[in-house]
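So the structure is just underneath, and the comments pick up after that.
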Amino acid sequence: MIEFDRVSVTYDGAAGPALREVSFSVPEGELALVIGRTGSGKSTLLRAINGLVPHFTGGTLAGRVLVNGRDTRDFRPRDLADVVGIVGQEPMAGFVTDTVEDELAYSMESLGIAPDVMRRRVEETLDLLGLADVRDRALTSLSGGQRQRTAIGSALTSHPAVLVLDEPTSALDPQAAEEVLAALQRLVHDLGVTVVMAEHRLERVIQYADRVIEVPGGSAAVSTGLPVDLMVTAPVAPPVVELGRLAGWSPLPLSVRDARRAAVALRSRLTDLAPRRLIAVEGPELAHCEDLVVAYGNIPALRGVSVSIRAGEVVALMGRNGAGKSTLLNALVGLVQPRSGRATAAGADPRRTKPSQLVKAVGLVPQEPADLLYAATVADECAGADSDFRVPAGSCRALLDRLAPGIDVQMHPRDLSEGQRLCLALAVVLCGAPPLLLLDEPTRGLDYGAKRRLVEILRELAAGGHAVVLSTHDVEMVAEVASRVLVLAEGELVGDGETATVIAGSPAFAPQVAKILAPLPFLTVGEVATALEQAS
Amino acid sequence: MRAANHLTLPRALHPGAWWLWALGLAVAASRTRNPVLLILILVIAGFVVAARRSDAPWANSYVAFLKLGLVVIAVRVVLQALLSTRSQGNTILFTLPLIPLPAWATGVKLGGEVTAEALLTALYDGLQLAVMLCCIGAANALASPRRLLKSLPGALYEMGVACVVALTFAPQLVTDARRIRAARRLRGRTSGSFRTTAMPVLEGALDRSVELAAAMDSRGYGRTAQVPRNQRRITGGSVLLGLLGIALGVYSLLTDAMSFPIAATALAVGLLLAVGAMTVGHQRVARTRYRPDPWALPEWLVTLSGAIAAGTMIVAANRGVEGLVLAGPLVVPPVPLVPVLGLLVGLAPAIVAPPLTRRRELVAA
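Residue numbers (this note's numbering), protein chains in the order written: chain A, 1 to 536; chain B, 1001 to 1365.
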């Protein structure tokens, strides 16, 4: 169905090719998973499938891409619209109309499909993706999972043979990701659609993949193979695979279910062992909320949240999209005005503190790290941060070098990879050395390597007496780093306690290791490894 | 009977019908300065909006336009008070301090005596404009602007898409600007420059447009346009020119800005150009439309009710029926029977327009 024949892509003005000599083929009806570090060329590869590279982006494509027998050299993206459906990273950015139904019909209208066929296909797609209840709704009023499913549906209505998805679940909470993946499963199994998907969250998707295409980036060759074979040696792997490697299981399990069946022996070895956890050294209180109520217009965001955060804690804030996580963080830096109740950071009301003083007490890295960055180069940005926070010149630069070594400081912040940009924003905020650090969804778009570095940094900060609060959907990250978990639902605090007690029991929030080893209290592969080492 | 002809089967009315009805009311308002009639029009528009609006975001625009109308009245009255002369009457209400002006501004007076006549005239003039604004607001609240753009003729398709995209981007820019201003606080800055606020917003907008263009390209936008670019431009241009002619003709017919033959010619030429170009343009369009809004009995009735309201007022104004124009600013406004009855017909959409439910039912297109 898809054939890449020695494809190299070089963008105009780039030093080297973004893709080098890529050859692979994906047969009909398979789900192919594209993996690789951020910035390794995954998006380029996906966009080459429907000809957006090079027709839309410019640059030179050498070699040949064949999709359903059509060469992208001769067919523009619009001429491939009936063969390839593509869903971008940010579904909202690709919407042309304003309601679900119209959006589903848009590509069919462009293709000139007869009205009665169009009508039937929209109805079918609404049912297939479970969107019938929201068919009249404005796209802006949908939840993240619904938006993603609408985007998939709008690509599907023209009945393409190939569906291309760029990180379809990375911005979604675990429940919404399940919805989307279930819908994709149906497409592959029932309709025989060929799906090519890039995704960092391997723990969510690896079990569904028939084939893995690894894009290592740089000059290394792209390799393809069965998930099981590639996972044995892959540098990035989900916890289930790492646990399998640790326990020496063969064949390597890819799903929690397979792992549970293989883990009987491991469970009995671990029965009498307990994970050794770092108990958070609780210091003085750094942030405090009391009966906090926040509303946007007449839409309540927080309904009476009381919480206290102490130095040395790493607190994870979890809950559905729209549960009030960002609002709580914003209230702690005074970006939103509480309707009633109190929020204090470092003993002061953040709404009444001058910004220049506030940043010394509390720092927030917003969901879009780029919002914090103004300068034209990384070097200017660092210099600007030094003067903003009145710290000696070079402090921000030194922090950045520690967080993400090897960034070219003459680059524009917008040209950095998502992970590098986050590190830059983090360096800017940490520059003021605020005792309380808040992070709003820091793991979006981060690969496993960058996540590991982030975990190390957060642990160091907590050990150094900082308090860290991060809102996230990433349960594996929470299991690794958080000492305490707060769960928000509909603006209310519904769970507050030690990480192990809150997440281990929850079907949605439990990390893979906890699911595999339940009822044993282990959460991460690291804990299992340490326990086994001690035992032997 | 076709399903679309039922008055009670819930569905969305054609946005064009709502606009025609609202324009009818606006034309009716343009014919009178009698506050009783003007307020009656306001109430009629408000009642229909309350009865038939959806829960969509744009449905609140009637209130927004009402507020805008109040601002218009206030500005008008305040300016009149400042610049008031005795030319309209002699009933002095109060006296403002007179501000001396330089010699070159002779004839203009700032402050001084304020007469009741001047204020009331300003109030009625402002009211007329405010009511016309509210009619536009009613159309906005009842008809989704996007659905209206969707029913644009094929020859104007590209322009329609551009407008739809702009409609999405404008609110997005506001949200972006707000977010970036908030982020400035996180850097410990209190004030921002052009570079720190506008630049990120513009960069974000540019990124999004590129993203949207890529999405539209991959979804087949523009793949059916096999017509040479020049021909496409000529058709599009003629349609626009034609619409302009129609607008000019209607405007001058209503306001007596031009003599009747010229206005009628402009209208006729405009109609001819627009219809001709649309037919030519329609033949080459290979795109199809998903569930186009039907134009059936309810649409005719709604349009008719607006036309009757406008027609009654135009005829009454031409015949010089008493009560449309006040004898003087200070008289108690009369209630002319025939125009009131004519205007009340404008209430019909509250009954004849099909109701909206959250889920639209099947409609034979």
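All C-beta atoms, glycine included, are put in the ideal place defined by N, C-alpha and C.
Quiz item: Exposed or buried, what is residue 1318/B when buried is set at 16 or more other beta-carbons lying within 10 Å of its beta-carbon?
Solution: exposed
Quiz item: Does the count of Cβ pairs from the segment 81-101 of chain A and the segment 133-144 of chain A closer than 8 Å reach three?
Solution: yes
Quiz item: Can you find at least 3 beta carbon pairs, one from the segment 247-256 of chain A and one from the segment 221-233 of chain A, that sit closer than 8 Å?
Solution: yes
Self-check item: Sequence ranges, alpha helix (DSSP H) only - wholly within the segment 377-416 of chain A, length at least 4
Solution: 378-388, 395-403
Quiz item: Are residue 499/A and residue 348/A closer than 9 Å when you measure CB to CB?
Solution: no
Quiz item: What are the residues of the segment 1039-1069 of chain B that lie near chain A, defined by any Cβ-Cβ distance shorter than 7 Å?
Solution: 1056, 1057
Quiz item: Going by Cα to Cα distance, which pick from 420/A, 338/A, 412/A is closest to residue 406/A?
Solution: 420/A
Practice problem: Ignore the nearest five residues each way along the sequence and tell me which others in residue 1337/B's own chain have a CB closer than 8 Å to its CB. | Solution: none
Practice problem: Take residue 1316/B as the anchor and find which of 1002/B, 1027/B, 1220/B, 1004/B has the nearest alpha-carbon. | Solution: 1027/B
Quiz item: Is residue 1228/B buried or exposed, if buried means 16 or more other CB atoms sit within 10 Å of its CB?
Solution: exposed
Quiz item: On the premise that residue 35/A lies in contact with residue 84/A, defined as a C-beta separation below 8 Å, what is that separation, rounded to the nearest angstrom?
Solution: About 21 Å separates the two Cβ atoms, so there is no contact after all.
Exercise. Taking only beta carbons into account, state which residues of the segment 114-135 of chain A come closer than 8 Å to chain B, listed in chain order.
Key: 114, 115, 118, 119, 122, 135
Quiz prompt | C-alpha distance - residue 309/A paired with residue 449/A, whole-angstrom precision | solution = 29 Å
Exercise. Drop a sphere of 10 angstroms on the beta-carbon of residue 538/A, count the other beta-carbons inside from all chains shown, and report buried for 16 or more, exposed for fewer.
Key: Here chain A comprises residues numbered 1 to 536, so residue 538/A is not present and cannot be evaluated.
Quiz item: What first and last residue would you give for the beta strand (DSSP E) that runs through residue 1218/B?
Solution: It is not in any beta strand (DSSP E) - residue 1218/B instead sits in the alpha helix (DSSP H) that spans 1194-1218.
Exercise. Determine the contact status of residue 476/A and residue 239/A, defining contact as a CB-CB distance below 9 Å.
Key: yes
Quiz item: Counting only beta-carbon atoms, is residue 273/A nearer than 9 Å to chain E?
Solution: No chain E is present in this structure, whose protein chains are A and B.
Quiz item: Quick one: Cα of residue 547/A to Cα of residue 204/A, how far?
Solution: This structure gives no information on residue 547/A, because the portion of chain A shown stretches from 1 to 536.
Quiz item: For residue 1067/B, is the classification buried or exposed, using 16 other Cβ atoms within 10 angstroms of its Cβ as the cut-off for buried?
Solution: exposed
Exercise. For residue 97/A, return the contacting residues in chain B, with the cut-off set at a CB-CB distance below 8 Å.
Key: 1146, 1164
Quiz item: Considering only C-alpha positions, which residue in the set 128/A, 7/A, 521/A, 527/A is nearest to residue 190/A?
Solution: 128/A
Quiz item: Which of helix, strand or coil does DSSP assign to residue 431/A?
Solution: coil
Practice problem: For the beta strand (DSSP E) holding residue 55/A, just list the boundary residues, first then last. | Solution: From DSSP, residue 55/A is part of no beta strand (DSSP E) but of the alpha helix (DSSP H) over 52-55.
Quiz item: Is the shortest distance between the beta-carbon of residue 1174/B and the beta-carbons of chain A less than 9 Å?
Solution: no
Self-check item: Whole-Å CB distance - residue 522/A paired with residue 163/A, under 8 Å assumed
Solution: With a Cβ gap of about 37 Å, residue 522/A and residue 163/A do not count as contacting.
Exercise. Could you check the C-alpha separation between residue 23/A and residue 45/A for me, to the nearest Å?
Key: 11 Å
Quiz item: Does the Cβ of residue 510/A lie closer than 8 Å to at least one heavy atom of the ligand SAH?
Solution: Among the components of this structure there are no ligands whatsoever, and the ligand SAH is therefore not found.
Exercise. Taking the CB atoms as reference points, tell me whether residue 331/A and residue 302/A lie closer together than 9 Å.
Key: yes
Self-check item: Whether residue 520/A touches residue 246/A by CB criterion (9 Å)
Solution: no
Self-check item: Buried or exposed by the 16-neighbour rule on C-beta atoms within 10 Å, applied to residue 1002/B
Solution: exposed
Quiz item: So what does DSSP say about residue 1025/B, is it helix, strand or coil?
Solution: helix
Quiz item: If you compare alpha carbons, which of 109/A, 458/A, 385/A, 381/A is closest to residue 403/A?
Solution: 458/A
Self-check item: residue 1019/B, buried or exposed, once every other Cβ within 10 Å from all chains shown has been counted against 16
Solution: buried
Quiz prompt | Simplified DSSP assignment, three categories, for residue 1062/B | solution = helix
Self-check item: Secondary structure of residue 1361/B, DSSP reduced to three states
Solution: Summary for residue 1361/B: the model assigns pLDDT 40, below 50, so the residue's position carries little reliability; its value from the coordinates is reported in the next sentence. Coil at residue 1361/B, not helix or strand.
Exercise. Compute the Euclidean distance between the alpha carbons of residue 453/A and residue 1162/B, then round it to the nearest angstrom.
Key: 44 Å
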